[in-house]
RNA sequence: GCGAGUAUGGUGAAGGGGUUAACACGGUGGAUUGUGGUUCCAUUAUGCUAGGGUUCGAAUCCCUAUACUCGCCCCA
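In my numbering, the protein residues as written are 81 to 531.
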């Protein structure tokens, strides 16, 4: 049997419903922020990622899916979204847009050749935003607020925002020198990974999990002592804006991102669930003021984030948050025999066109099995169509909850269903106990405990 | 790239060399030929991830491959 490639997964059933719901919810939120959808190709010239993400990053040096196309061009399946968005920003001359900043969002599959584990796949989906054209700390705060508000909308409480500033390029290289000098005499006390990081990216020594509790770590020079006045100012303002919007966060000066392009603000939203492991970073991003330039565009500041769909669904499940997903159908149609099938088909399709969710028996089941099937589909009504119904233009309709049965003239069927489905309360009640009168869905904020 | 564990029907699984692969759920048919979700009966894997080996005999032991799960690195 041919199986799916390692680290990929098929989307169907309840998982599919969740994915569609989350996409829709994010879309409706991001539209309120007035961001524009931007879709770029899932493969790009290999060089884009080398210049964008950085040659020395693990993502580019050992995790990309590279291939030569039939014209011998070097291509790479995108490992992240930002580089392609930046390329598109430049190529479509969006820097010429009179209404700056350019605020974009994207959603799609990303590819990294990694060992799969919980919350990690080789093909995975990211939702993200990228904003170009302003260095205002207000925009850093807005971008963070989008992620926070999305999780809030979902009713996700166990999340933690961590922020830090990496400073501008000058602060960063001064700090790098300081770290190299500081750790040099202590290299023998650090783990082997840290020794490797010393050569490649000394900043990453700071978020080592093995050596985290060593005194050497605690006494290491702090990024904050090397920030330029401008960077300090920027960071302070970001924090002020977050405070003003009631967004709580933790300043974590060991937070260093693995992608080369970040400057000043970096942040992560983490699931605050014990033992969640590799899953725990749900969303990450920051500011990248030199990326547009590095890829060949005019100097333009940028800021954005990406959030992982699979991890989001994992954390929703771990937090026992149920989404407001419509299950069940309005009507299940049972044709009694072959003779009435085409008539039943016609009735079914007309009801569908009138806006009802209607299923039909395609299996020639007997009556008993059809009722079983109707229950499996959690239908609100069951319609029985036999030769008598067809001859006399009526439908036998049974309410699947009250078991009441009516014979309805076919001409009044739509009115009948409209009335019945409208008046019956099929929505689940909110379980918050706050007497909030809402239907328990998460796509609004009524102020009750549930949201 | 490194490490650990697992692999038996649609599903959860038992069986750790000896003839028809236990049990449960689910499915289908019937008891009840136009009214179900209870009950009862029947039926539902010529096959135990794949390939090779050991053996008179392999789901069971050995090897290889593959997949899945979970860590590490790194990341969303």
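Think of the CB as a built atom: it goes at the ideal place given N, C-alpha and C, for glycine as much as any other residue.
Quick one: Cα of residue 402 to Cα of residue 396, how far? The residue you call residue 402 lines up with position 322 of the first chain. The residue you call residue 396 lines up with position 316 of the first chain. Each residue's Cα considered, the two are about 7 Å apart.
Residues of its chain near residue 373, where Cβ-Cβ distance is below 6 Å and the 5 sequence neighbours each way are ignored: Along the first chain, one-based indexing puts residue 373 at 293. Excluding sequence neighbours, residue 373 sits near 379.
For residue 282, count the other beta carbons within 10 Å of its own beta carbon; 16 or more makes it buried, fewer makes it exposed. Which is it? On the first chain, residue 282 is found 202 positions in, with the first residue counted as 1. Burial call: buried.
Please report the distance separating the alpha-carbon of residue 512 from that of residue 96. Within the first chain, residue 512 is the residue found at index 432, counting from 1. Within the first chain, residue 96 is the residue found at index 16, counting from 1. Any reading at residue 512 must be qualified, since the residue scores a pLDDT of 45, below 50, and its modelled position is unreliable; the value itself is stated next. If you take the alpha carbons of residue 512 and residue 96, they lie about 27 Å apart.
For the stretch 335 to 410, list the alpha helix (DSSP H) runs that are entirely contained and at least 4 residues long, ordered along the chain. 371 to 374 and 389 to 398
Need the endpoints of the alpha helix (DSSP H) that residue 252 sits in, please. Your numbering for residue 252 matches position 172 in the first chain. That run of the alpha helix (DSSP H) goes 249 to 263.
So, at 6 Å on beta carbons, what are the nonlocal neighbours of residue 505 in its own chain, with the 5 sequence-adjacent residues on each side left out? Within the first chain, numbered from 1, the residue matching residue 505 stands at position 425. Note that residue 505 scores 45 on pLDDT, short of 50, meaning its location in the model is unreliable; the coordinates nonetheless yield the value given after this. So no residue of the chain qualifies.
Use the C-beta contact count for residue 120: other C-beta atoms within 10 angstroms, 16 or more gives buried, fewer gives exposed. Numbered from 1 along the first chain, position 40 holds the residue referred to as residue 120. Flag for residue 120 reads buried.
Sequence ranges, alpha helix (DSSP H) only - wholly within the stretch 273 to 304, length at least 4: 295 to 298
Could you check if residue 427 is buried or exposed, using at least 16 other CB atoms within 10 Å of its CB as the buried criterion? Residue numbering aside, residue 427 sits at position 347 when the first chain is read from its first letter. Residue 427 comes out buried.
Could you check what DSSP says for residue 415 in three-state terms: helix, strand or coil? Locating residue 415 in the first chain gives position 335, where the first residue counts as 1. Strand.
What residue range does the alpha helix (DSSP H) around residue 217 cover? Residue mapping note: residue 217 aligns to position 137 of the first chain, counting from 1. Unbroken alpha helix (DSSP H) run through residue 217: 217 to 233.
Looking only at C-alpha atoms, which of 240, 201 and 473 sits nearest to residue 327? As a working note, residue 327 is residue 247 in the first chain. Taking only the C-alpha atoms, the option nearest residue 327 is 240.
Once the 5 residues before and after residue 88 are set aside, which same chain residues still bring their CB inside 8 Å of it? Taking the first residue of the first chain as position 1, residue 88 is located at position 8. Hits under 8 Å: 201, 202 and 203.
Sheet register partners of residue 127 (DSSP bridge): Numbered from 1 along the first chain, position 47 holds the residue referred to as residue 127. Its beta-bridge partners do not exist; DSSP assigns none.
Taking the beta carbon of residue 381 as the centre, do at least 16 other beta carbons fall within 10 Å, making it buried, or is it exposed? Within the first chain, the letter at position 301 stands for residue 381. By the neighbour-count rule (16 or more Cβ atoms within 10 Å), residue 381 is buried.
Determine the contact status of residue 383 and residue 413, defining contact as a CB-CB distance below 8 Å. In the first chain, the residue the question calls residue 383 occupies position 303. In the first chain, the residue the question calls residue 413 occupies position 333. Cβ atoms of residue 383 and residue 413: not closer than 8 Å.
Three-state secondary structure (DSSP) of residue 140: Position 60 of the first chain, counted from the first residue, corresponds to residue 140. Here residue 140 sits in helix by DSSP.
When you compare only the Cα positions, how much space is there between residue 497 and residue 215? Within the first chain, numbered from 1, the residue matching residue 497 stands at position 417. Within the first chain, numbered from 1, the residue matching residue 215 stands at position 135. So the alpha carbons of these two residues sit roughly 56 Å apart.
Taking all protein chains shown into account, do 16 or more other C-beta atoms lie within 10 angstroms of the C-beta of residue 82, making it buried, or fewer, making it exposed? The count along the first chain starts at 1 and reaches residue 82 at position 2. Exposed: under 16 other Cβ atoms inside 10 Å.
Candidates 186, 435, 300 and 221, of which the one nearest residue 324 by Cα: What you label residue 324 is simply residue 244 of the first chain in a count that begins at 1. Comparing Cα-Cα distances from residue 324 to each of 186, 435, 300 and 221, the minimum goes to 221.
Buried or exposed for residue 197, please, with buried defined as at least 16 other CB atoms from any protein chain shown within 10 angstroms of its CB. The count along the first chain starts at 1 and reaches residue 197 at position 117. So residue 197 ends up on the exposed side.
Could you check how far apart the C-beta atoms of residue 349 and residue 227 are, in whole angstroms? I think they sit under 8 Å. Looking up residue 349 in the first chain gives position 269. Looking up residue 227 in the first chain gives position 147. The pair is a contact, with the Cβ atoms about 5 Å apart (cut-off 8 Å).
What are the boundary residues of the beta strand (DSSP E) that includes residue 474? Walking along the first chain from the start, residue 474 turns up at place 394. Per DSSP, residue 474 belongs to the beta strand (DSSP E) from 474 to 479.
For residue 209, the first and last residue of its enclosing alpha helix (DSSP H): Working through the first chain from its first residue, we reach residue 209 at position 129. Looking at the DSSP string, residue 209 is not in any alpha helix (DSSP H); the run it does join, the beta strand (DSSP E), is 203 to 212.
Find the nearest neighbour of residue 149 within the set 345, 125, 377 and 465, judged by alpha-carbon distance. In the first chain, the residue the question calls residue 149 occupies position 69. Taking only the C-alpha atoms, the option nearest residue 149 is 125.
Member of 335, 460 and 443 whose CA lies at the smallest distance from the CA of residue 436: By 1-based counting over the first chain, the position of residue 436 is 356. Of 335, 460 and 443, the residue nearest in Cα terms is 460.
With DSSP as the reference, label residue 512 as helix, strand or coil. The count along the first chain starts at 1 and reaches residue 512 at position 432. Its pLDDT being 45, under 50, residue 512 is placed unreliably in this model, and the value from its coordinates should be taken loosely. It is coil, neither helix nor strand.
How is residue 193 classed by DSSP in three states: helix, strand or coil? Here residue 193 refers to the residue found at position 113 when the first chain is read from its first residue. The answer is coil: DSSP assigns residue 193 none of H, G, I, E or B.
Roughly how many angstroms separate the alpha carbons of residue 286 and residue 405, rounded to a whole number? Mapped onto the first chain, residue 286 falls at position 206. Mapped onto the first chain, residue 405 falls at position 325. Roughly 42 Å between the two C-alpha positions.
Three-state secondary structure (DSSP) at residue 244? The residue labelled residue 244 in the question sits at position 164 within the first chain. Strand.
Whole-angstrom distance between residue 486 and residue 478, CA atom to CA atom: Residue numbering aside, residue 478 sits at position 398 when the first chain is read from its first letter. Residue numbering aside, residue 486 sits at position 406 when the first chain is read from its first letter. Computed Cα separation, rounded: 6 Å.
For residue 192 and residue 84, the rounded distance between their alpha carbons: Against the first chain, residue 84 aligns to sequence position 4. Against the first chain, residue 192 aligns to sequence position 112. Between residue 84 and residue 192, the C-alpha separation is close to 16 Å.
May I ask you to report which of helix, strand or coil DSSP gives residue 157? Residue mapping note: residue 157 aligns to position 77 of the first chain, counting from 1. Strand at residue 157.
Are residue 159 and residue 143 closer than 8 Å when you measure CB to CB? Position 79 of the first chain, counted from the first residue, corresponds to residue 159. Position 63 of the first chain, counted from the first residue, corresponds to residue 143. Closer than 8 Å, so yes.
Per the DSSP calculation, residue 183 is bridged to which residue(s)? Numbered from its first residue, the first chain carries residue 183 at position 103. Bridge partners of residue 183: 211.
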